[in-house]
Amino acid sequence: MGPLRRRPRCLLVAVAAACLLASSRLPALVGGACRPARRAPAGEARAGQRRCQGEAAAGPPAVEGIPGRSDDANFEQRASVQRWRDIDGGLGNPLEGVDLTGGDAPYWLYHLGRFGFFAAQGLLSVNVAEAALALDRARGATSAGSATPQFLSRLSQAPGEFVRGLSQTTVATFRQDLDYIRSGYFKAPFDMSPSHRQWSPAFVAEKSLQYVQEAVGVLQRSAEKSDTRTWMSSGDDMYPPYYRHTFHYQADGWLSSRSAEVYETSTEVIFTGRQDAMQRTSLVHISDHLHNIMADRSGKGVRLLEVACGTGRLMTFVRDNWPGMDVTASDLSPFYLEEARKNNAYWVDNFAPKGDIGQASFVQANAERLPFEDASFDIVLSVYLFHEVPAEAQDNIVAEVARVLAPGGTFVLTDSIQLGDRQIQDQQIDKFGGFAEPYYMSYVRRDLAELARAHGLEPGAKELSAATKSVTFVKRHAVDAGLSAGTV
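Here the sequence shown stands for residues -24 to -1, 1 to 464, where the numbers follow mature numbering (1 follows the signal peptide of the UniProt record, and there is no 0).
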């Protein structure tokens, strides 16, 4: 979520600007903004066991085994791929190219405000968690060391370097998102509207309180490497063993309303307000597909499935851009699916265009066994799923995606960057695996093009946005039954 108030807007932007200007030696973006040439404007599974050290050998593999490099020969490399590789340690002004007075001012004010707000919440939660651990130690309790997660270790070890890198990627992420909007791939996000609930002080207070309470518990459990089993037991046919795991040490894993209600705020804090912009890279691929098939500008008649939709926030951006599209949101968690239904209802009631809009369906489903007919969708979307499932489940999911895609359909897979996508991150990327992410280190080494080809899908295009990569696969022909039979 992006809980921001309208009145404190100047304060939030000031906080963001202060964070960005904290270092005068911020690395510059090579070559300026990434602005693709474009046509006129158009419009779960999760999981794991308690083991959190990953499934692959320590240290990065040889260069030829790094997925981000092998992608070069498999995908159409969009401008964003080279742009993120070009970010290095030069000198520069972090606000260079940021227009706070012209036509782009509303975008920058809003998004720098998001950055400041979520960065402040993150710092607050870490400090409160550290204070709680110190109090426990003072009382004689046995307690672990720091509440700061390993993947944030640079924050305490080299704060200046951390702030410089964060500031750089923040501005670059937002600049790229804005360039896509200017180029007509998708509209400005509807949550920028002052009428959105994010501007309500009551809404902000509620979400902030939920987050701080959750974050302190998460950081304490992370410091103590607590048991990651969920409260709910079930047969493997209902919830696979890898699913019954508290990812990121969040309360209840994916199996409570409490978890679903705080999830969006929690993940935006991790990415300091950039998650929406990173996820919206998926919309670039959707826009391209609709353009290629000469679809109606509203998306009317096009069928889209989002697998493991979570809280459905990205789905609201999809519908806001192509309201005529028929969409299906699936997730294994009934609690997250209910949150997705609520988010959709809020968009329909407050921002949907007048007149006919496409149908929206919500289906509880295991991504390894999708309850849909063959060739029943034109687009399948998956966001931040694959790094949270084991390799066998990844194969099963891709096989199911290939089965339900219509010939000529597109699979958009958006997830974490992998080794080789941004070389500067390769020495740090494994640290996120220690945050109760047991499959992350094997995911960052998996060749997604090879995985897709094994199930009859051909690699398409690749985009990068900070910590996120988004790639497409096309179903050229009907998939052989033998290729898509790998479900459990």
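C-beta: ideal position from N, C-alpha, C; glycine also.
From a predicted model like this one, the values you see are computed outputs, not experimental measurements.
Hey, how far is the Cα of residue i from the Cα of residue j?
| i | j | result |
| --- | --- | --- |
| glutamine 401 | lysine 407 | 10 Å |
| alanine 328 | methionine 291 | 13 Å |
| phenylalanine 223 | leucine 88 | 28 Å |
| glutamate 237 | glutamate 349 | 32 Å |
| alanine 425 | glycine 193 | 38 Å |
| phenylalanine 91 | methionine 254 | 13 Å |
| glycine 396 | arginine 422 | 11 Å |
| alanine 110 | alanine 181 | 27 Å |
| alanine 16 | arginine 158 | Low confidence applies to alanine 16: its pLDDT is 41, below 50, so where it sits in the model is not reliable, and the reading given next is rough at best. Taking the straight line joining both Cα atoms gives about 9 Å. |
| arginine 345 | arginine 140 | 44 Å |
| alanine 343 | glycine 79 | 42 Å |
| glycine 24 | proline 135 | Caution applies to glycine 24, whose pLDDT of 34 falls short of 50 and renders its modelled position unreliable; the model cannot decide the point. |
| threonine 146 | glutamine 152 | 10 Å |
| phenylalanine 166 | glycine 116 | 51 Å |
| aspartate 296 | glycine 288 | 13 Å |
| tyrosine 312 | glycine 229 | 11 Å |
| arginine 452 | valine 278 | 17 Å |
| isoleucine 63 | leucine 266 | 31 Å |
| leucine -4 | glutamate 314 | Annotation note: pLDDT 37 at leucine -4 (below 50); position unreliable, coordinate value reported separately. Roughly 41 Å separates the two Cα atoms. |
| alanine 105 | glycine 275 | 46 Å |
| leucine 154 | phenylalanine 94 | 20 Å |
| alanine 148 | proline 170 | 25 Å |
| leucine 142 | phenylalanine 247 | 9 Å |
| serine 101 | arginine 197 | 13 Å |
| glutamine 370 | tyrosine 419 | 9 Å |
| valine 294 | serine 258 | 9 Å |
| lysine 330 | arginine 220 | 42 Å |
| glutamine 403 | glutamine 394 | 11 Å |
| asparagine 103 | tryptophan 175 | 26 Å |
| lysine 183 | histidine 172 | 14 Å |
| alanine 49 | proline 43 | 10 Å |
| lysine 201 | alanine 227 | 14 Å |
Is residue i helix, strand or coil by DSSP?
| i | result |
| --- | --- |
| arginine 27 | Low per-residue confidence applies at arginine 27: pLDDT is 31, beneath 50, and the placement is therefore not dependable, though the value from the model is reported in the following sentence. Note: arginine 27 maps to coil in three-state DSSP. |
| glutamine 53 | strand |
| glycine 136 | helix |
| serine 258 | helix |
| leucine 280 | strand |
| alanine 21 | For alanine 21, the predicted structure reports a pLDDT of 37, less than 50, and the residue's modelled location is therefore unreliable. A value from the coordinates is still provided. Coil, per DSSP. |
| aspartate 350 | coil |
| glycine 249 | coil |
| valine 374 | helix |
| arginine 421 | coil |
| glutamine 196 | helix |
| arginine 414 | Note on residue identity: the sequence assigns proline, not arginine, to residue 414. Correct three-state label for proline 414: coil. |
| isoleucine 405 | helix |
| aspartate 307 | strand |
| histidine 172 | coil |
| phenylalanine 150 | helix |
| alanine 437 | strand |
| glutamine 335 | coil |
| isoleucine 157 | helix |
Check this for me: beta carbons of residue i and residue j, under 8 Å apart or not?
| i | j | result |
| --- | --- | --- |
| valine 374 | leucine 308 | no |
| alanine 321 | phenylalanine 51 | no |
| tyrosine 218 | valine 365 | yes |
| glycine 300 | glycine 334 | yes |
| glutamine 97 | valine 245 | yes |
| tyrosine 83 | alanine 164 | yes |
| alanine 284 | serine 358 | yes |
| leucine 361 | aspartate 391 | yes |
| phenylalanine 162 | serine 263 | yes |
| isoleucine 355 | leucine 433 | no |
| serine 306 | alanine 341 | yes |
| methionine 208 | leucine 185 | no |
Give me the residue from the options with the minimum Cα distance to residue i.
| i | options | result |
| --- | --- | --- |
| serine 352 | Thr304, Ala343, Leu313 | Thr304 |
| alanine 443 | Glu344, Ala178, His363, Glu106 | His363 |
| methionine 168 | Asp252, Gly44, Ala378 | Asp252 |
| tyrosine 225 | Ile262, Glu413, Val339 | Glu413 |
| threonine 448 | Pro435, Leu440, Gln144 | Pro435 |
| phenylalanine 150 | Arg197, Ser56, Glu106 | Ser56 |
| alanine 199 | Ala336, Ile405, Ala107, His221 | Ala107 |
| leucine 381 | Gln394, Glu282, Ser258, Asp48 | Glu282 |
| proline 347 | Trp60, Ile269, Arg379, Gln403 | Arg379 |
| glutamate 72 | Gly384, Arg45, Leu99, Gln144 | Gln144 |
| glycine 310 | Asp302, Phe338, Val324, Ala271 | Correcting the residue identity first, residue 310 is proline in this sequence and not glycine. The candidate whose alpha carbon is nearest that of proline 310 is Phe338. |
| valine 450 | Tyr416, Phe387, Tyr415 | Phe387 |
Determine whether the Cβ of residue i lies closer than 8 Å to any Cβ atom of chain C.
| i | result |
| --- | --- |
| alanine 199 | In the structure shown, chain C does not exist; there is a single protein chain. |
Quick one: does the C-beta of residue i sit closer than 7 Å to a heavy atom of the ligand FMN?
| i | result |
| --- | --- |
| histidine 261 | For the ligand FMN, the structure offers nothing, since it holds no ligand at all. |
Entirely within the segment 197 to 242 and at least 4 residues each: give me those alpha helix (DSSP H) ranges in chain order. Runs of alpha helix (DSSP H) with 4 or more residues, each lying fully within the segment 197 to 242, are absent.
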